[in-house]
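Before any comments, here is the structure.
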Amino acid sequence: KKITRMGTTVCTRLELLAKLEQQLSREYTSDSYDVLTHNCNHFSDDVTMFLMNQHISEEVRQQPAQFSNSLLAKALRVPLNNYLGGFGSAAEQFRQDQQEVQDRTRKVWNSRPLAAPPW
């Protein structure tokens with residue numbers, strides 16, 4: 048767990064609540080949630096930009112990008128979106144990612160001197 052102090056803001060609590068109610072609550076919904084492209088890090092960055100006019104750390108903002116090309120991310124994207132937010136338009140992406148996982152798995156198995164998997 049890491050806490051980063053960002054400083055102080057001139058925004059009032061009412062201004063923040065208005066921003067949350069008028070914009071961010073409509074932008075960050077269960078339907079728009081995506082574990083890689085529209086998640087709590089993105090929400091935190093938007094709130095911090097409103098309050099402080101600065102981004103959260105690059106390290107945090109880049110976490111989804113660093114993870115997104117891995118097979119694990121492709122395999123878990125839809126289940127995580129379902130658990131953490133909503134399916135949104137992830138169903139087609141899930142099918143594509145699953146096909147890529149299967150293709151890569153076959154490639155690895157086929158490159159080994161052992162017998163190929165039964166599929």
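Reminder that position 108 of the sequence shown reads as 155 in this note's numbering, one-by-one numbering, no gaps.
Don't be surprised by glycine CBs; every beta carbon is placed ideally from N, CA and C.
Inset, instruction - May I ask you to report which of helix, strand or coil DSSP gives His85? - result: strand
Inset, instruction - Enumerate in chain order the residues of its own chain whose CB-to-CB distance from Phe114 is below 6 Å, with the five nearest sequence positions on each side excluded. - result: Ala120
Inset, instruction - Return the first residue and the last residue of the alpha helix (DSSP H) that Leu118 is part of. - result: Leu118 to Leu131
Inset, instruction - Return the Cβ separation of Asp92 and Arg108 in integer angstroms, given the expectation that the two are a contact with Cβ distance under 8 Å. - result: 6 Å
Inset, instruction - Compare the Cα-Cα distances from Ile50 to each of Pro126, Asn86, Ser104 and Thr59 and report the closest residue. - result: Ser104
Inset, instruction - For Lys66, I'd like the list of residues in its chain whose CB is within less than 6 Å of its CB, leaving aside the five on either flank, ordered along the chain. - result: Phe97
Inset, instruction - Please indicate yes or no: does the CB of Leu123 lie closer than 8 Å to some heavy atom of the ligand ADP? - result: Ligands in the displayed structure: none, and consequently the ligand ADP is not present.
Inset, instruction - Report yes if the C-beta distance between Gly132 and Val82 is below 9 Å; otherwise report no. - result: yes
Inset, instruction - Put Thr95 into one of helix, strand or coil per three-state DSSP. - result: helix
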